[in-house]
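Participant: Per the working numbering, the very first residue in the sequence shown carries number 5; after that it's consecutive.
Even for Gly, the Cβ is constructed at its ideal location relative to N, Cα and C.
From a predicted model like this one, the values you see are computed outputs, not experimental measurements.
Structure incoming, see below.
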Amino acid sequence: STKLKALNLLTSERLVHRPDRKSVAYYLLLISIGFSFPLFLKLQNRHSPSIADRYKGDTLNMVENIPALIARRGQLRAAITRFTTYIQSEGREVVQIEIRKAKIEENWYEFEKVQSAIEDNDEESRNTSEHYPYRIEFENLYFRIMSEAEICIRASKQESSKVETKNLIDWGHSSEEKTQKNSTESIVRLAPLNIPVFSGKYDEWMSFKDIYTSVIHTNEDLTAIEKFFYLRSSLSNDAASCIKYLETTATNYDIDWKSLINRYDNKKILIQTHVKNIVDLPSINESNSIKLRQFSDDLVSNMKALETLGQKPKEWGPLLLHILCSKLNNETLKELEIKSVKDKIPSVTELIQFIEDRFQISESIESSKYIIQSLQQRKKVLQTATSSTAFTSTATAVCYACNQPHTIYKCPVFTALSTRDRIDKVVQLELCKICLRKHSGSKCFGKYCFKCNKPHNTMLHLNQKHNINEPVSNTDKGEQTATTSTTTHVANETDNVLLGTAVVEVFGLNGERAYARALLDSGSTNHFICLELVNSIGNSKQNVTATVSLRIKSRVSDYEINTQLLINPKITGDLPARRVSKGKVKLERITLADPSYNVPQKIDILIGA
5 STKLKALNLL
15 TSERLVHRPD
25 RKSVAYYLLL
35 ISIGFSFPLF
45 LKLQNRHSPS
55 IADRYKGDTL
65 NMVENIPALI
75 ARRGQLRAAI
85 TRFTTYIQSE
95 GREVVQIEIR
105 KAKIEENWYE
115 FEKVQSAIED
125 NDEESRNTSE
135 HYPYRIEFEN
145 LYFRIMSEAE
155 ICIRASKQES
165 SKVETKNLID
175 WGHSSEEKTQ
185 KNSTESIVRL
195 APLNIPVFSG
205 KYDEWMSFKD
215 IYTSVIHTNE
225 DLTAIEKFFY
235 LRSSLSNDAA
245 SCIKYLETTA
255 TNYDIDWKSL
265 INRYDNKKIL
275 IQTHVKNIVD
285 LPSINESNSI
295 KLRQFSDDLV
305 SNMKALETLG
315 QKPKEWGPLL
325 LHILCSKLNN
335 ETLKELEIKS
345 VKDKIPSVTE
355 LIQFIEDRFQ
365 ISESIESSKY
375 IIQSLQQRKK
385 VLQTATSSTA
395 FTSTATAVCY
405 ACNQPHTIYK
415 CPVFTALSTR
425 DRIDKVVQLE
435 LCKICLRKHS
445 GSKCFGKYCF
455 KCNKPHNTML
465 HLNQKHNINE
475 PVSNTDKGEQ
485 TATTSTTTHV
495 ANETDNVLLG
505 TAVVEVFGLN
515 GERAYARALL
525 DSGSTNHFIC
535 LELVNSIGNS
545 KQNVTATVSL
555 RIKSRVSDYE
565 INTQLLINPK
575 ITGDLPARRV
585 SKGKVKLERI
595 TLADPSYNVP
605 QKIDILIGA
C-alpha cells in the first residue's frame, strides 16, 4: 500500500506540473522502503529455525525434548483447526483466506520435521506406532481444508470476473437498466445458499418447503421468472415431473407452486410416512454403538417431524414402546428391564434416553477394550522369560539401595530399616518420597500414603503409636505396610501374569455392605462394576441410567473413595488364569489387599486410573 500511494502521488497532476525536490525525494524514499520490507521479512523467515531444527543432530537432546516436540505438534494442529473454523464461517474474506493458506503451508513443512523427529527419537512408542495415527489424521485434515480454501478462492475469482464483466456491459445504461442490474446481483448473492433438491419423497417435503419459502418464495427482490428458475433447479425425479409440462413464464410460477403444494403438502400422507419410517426402523441384533446411534437419530428425527405436524408421539405409550422394543436385541431389553422401575411401564422419553445412554456406554466400552488390548500387547513385548522376576514398570528393575535385581519395595536391606532410617535412606539416594524412584520433574503421579493420605509412600509412614526407631521385624503385624499388590509378577512354571487385584468393601445407597474382588487397571479411563454385584447391594431398582454411585473402602486400611462406575454384565474372566504357587513369588512380611491373589476367582469391579 505504501508503494502504490507513493507512485500515485508521483504521477499525479500536482507533482507533474509543480515539481518539488523535497517531495520527490520523500516519496522515492517511501518506495525504496516498500520494496525492501518484503525482502527483509523473507530473509527473517528463512533464518528462523523450527523447533525440530534446533535439536537436529543432537540425538540425546532430541530425546530429552520429546515433550516439547509433542507440544509444538499440538500447536500446529490447533492452527489448522482455527483455519478450518474460519473457512466455514459466514464472515470469511478471500484475502484473509489466501494469507492464512500461505501460513498453513509453512506449518505443514514444520509439522513434517517435528513429526519425523518424534517418530525417530521416541524410544517408548517406537514399537507400538503410537504417533503414526496422528500423522494420518493431520495429513487428512490438512489436504481437506486446503482443498476447501482453494475452492473458495477460485469461486471468488470467478464471481469477481462476472461482476466486472457485468459492470462493463451496464456502464452508461439508464436507471431502469441499473435497477435490473441490482436484481441480477441479488441472484449472484443467493446462489451460494445451496437450496436442497427435492426429489419427491414425502419425508423430505417439510424441510424443503420451509427453506424454499423463506429464501425464495417470499423474497420480494426476486421477480416471478427468477423464482421460477430457482424452483425448477431445485426439483428432481417425481417432483420435477409434476411441473415439467408448463412453460417457464412469470404467470405460470404461481400455478406450478400451487401444484406442488396440492400434491406434497398432504398432512395425512406426511403423518403416515413418518409413522411408517418408525415402524420400519432396522432391528438391532447386537450392542453396536454405531447401530444404536443411527437407531436413536432416525427415531428422534421422525418423532420431531410428527410433532411439527401436530401429533404427540411421546404420548402414544405402550403401543409405540412395543414397536420400538421389538427392534432391540435381548441383551438391551434385559438391561432396560433392570433399569426400569418395578410395575411401571417406561415412557417413550425414558426409552429414548436409555438408548442414548446405551450407545454412549458401548462407545466407552469399545474405547476401553482398545486401550486394554494395546496395553496387553505392550506387556507381551516387555515380558521376559526370567523366572521369579518381579517388576513394576519394567522387567529389568535394579534396587537403589543394594543394586540387586529387584525393586526397593522388596529389598531386604531397605525393609529391615526403621521408618526413620528409611526416610534418611530415601533422602540420601535422592529418591521421590511418593514412588521411591528417580524421575525428572517435581510433580509425581504416584499413590499417596494409604494410612494418612499424605504425599509420601506408605513405607515412609511414621506410626505415632510405636517407637520410630523400631525395626520392621519387631513391629506389630497390623501396623506393617499395606499394599494393593499393584506389582505384576511372572511365574516361570506356567508363564502366568498376575495382574494387580484387591479385596475391597463396597457400600450401596442403602448402606448395605459387600466384599468384592477388584482388578486395578491403570490403562482404563473408566471404572466398571458387574451387574450381579449391583443387584446384591440393593442398587438394582433405579431409573434409566448408565452408572451407579458407590463408596469403596480398603479392607486393610482407612482409605476409601466415592466414585461412579459403569454397569456391565461381566468384567472379565477369572483371574489369574491358572493357580500359581505362592512359593514362586516371595512376598514376605507384607499385608496383601488380596490374600488369595494366586487362586483363580471372579472379578467384580475394575478400577481404572
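Can you give the Cα-Cα distance for R441 and S561, rounded to whole angstroms?
Facilitator: 24 Å
Participant: Check whether the Cβ atoms of I91 and E141 lie closer than 7 Å to each other.
Facilitator: No, they are not a contact pair.
Participant: Look at the alpha carbon of L535 and the alpha carbon of L340, and state the distance between them as a whole number of angstroms.
Facilitator: Roughly 13 Å between the two C-alpha positions.
Participant: How long is the line joining the alpha carbons of V538 and M210, rounded to whole angstroms?
Facilitator: Rounded to whole angstroms, V538 to M210 spans 47 Å at the Cα level.
Participant: Do you know how far the Cα of I282 is from the Cα of D302?
Facilitator: 8 Å
Participant: Return the first residue and the last residue of the beta strand (DSSP E) that R555 is part of.
Facilitator: T551 to S558
Participant: Helix or strand or just coil, what does DSSP make of Y519?
Facilitator: strand
Participant: Inspect the beta-carbon positions of L464 and F532 and report whether they are closer than 7 Å.
Facilitator: The Cβ-Cβ distance between L464 and F532 does not fall below 7 Å.
Participant: Over the uninterrupted beta strand (DSSP E) stretch that includes V507, give me the two end residues.
Facilitator: T505 to F511
Participant: Roughly how many whole angstroms lie between the Cα atoms of V431 and A506?
Facilitator: 31 Å
Participant: Can you find at least 3 beta carbon pairs, one from the segment 95-106 and one from the segment 154-161, that sit closer than 8 Å?
Facilitator: yes
Participant: If I'm right that L502 touches L523 with Cβ under 8 Å, what's the distance once you round it to whole angstroms?
Facilitator: Wrong, their Cβ atoms sit about 11 Å apart, outside the cutoff.
Participant: Assuming the contact rule is C-beta atoms closer than 8 Å, R521 and I607 should be a hit. Round their C-beta distance to whole Å, please.
Facilitator: 6 Å
Participant: Rounding to the nearest angstrom, what Cα-Cα distance links I199 and V304 in this structure?
Facilitator: Straight-line measurement puts the Cα of V304 at about 24 Å from the Cα of I199.
Participant: Taking the alpha-carbon positions, what's the F299 to E434 distance?
Facilitator: 58 Å
Participant: For L630, list the residues DSSP reports as bridge partners.
Facilitator: Absent from the structure is residue 630, since the part of the chain shown begins at 5 and ends at 613.
Participant: In terms of residue numbering, what span does the beta strand (DSSP E) encompassing F532 cover?
Facilitator: F532 to C534
Participant: Tell me whether the beta-carbon of Y257 lies closer than 7 Å to the beta-carbon of A228.
Facilitator: yes
Participant: Does the segment 318-333 come close enough to the segment 350-358 that 3 or more CB-CB pairs lie under 8 Å?
Facilitator: Short answer: they touch.
Participant: Is C406 buried or exposed, if buried means 16 or more other CB atoms sit within 10 Å of its CB?
Facilitator: exposed
Participant: Among V508, Q568 and R96, which one has its Cα closest to the Cα of R559?
Facilitator: Residue V508 holds the alpha-carbon nearest to the alpha-carbon of R559 among V508, Q568 and R96.
Participant: Since L337 is in the alpha helix (DSSP H), which residue starts that stretch and which ends it?
Facilitator: N334 to K343
Participant: Tell me the rounded alpha-carbon separation between T411 and R424.
Facilitator: 20 Å
Participant: Out of I294, E97, Y519 and T85, which one is the CA nearest neighbour of Q364?
Facilitator: Among I294, E97, Y519 and T85, the Cα nearest to that of Q364 is on I294.
Participant: Between the alpha carbons of I288 and V552, how many angstroms are there, rounded?
Facilitator: 26 Å
Participant: From H278 to T217, what distance separates their C-alpha atoms?
Facilitator: 22 Å
Participant: For my contact list, V510 and I556 are in at a C-beta cut-off of 8 Å; report their separation, rounded to the angstrom.
Facilitator: 6 Å
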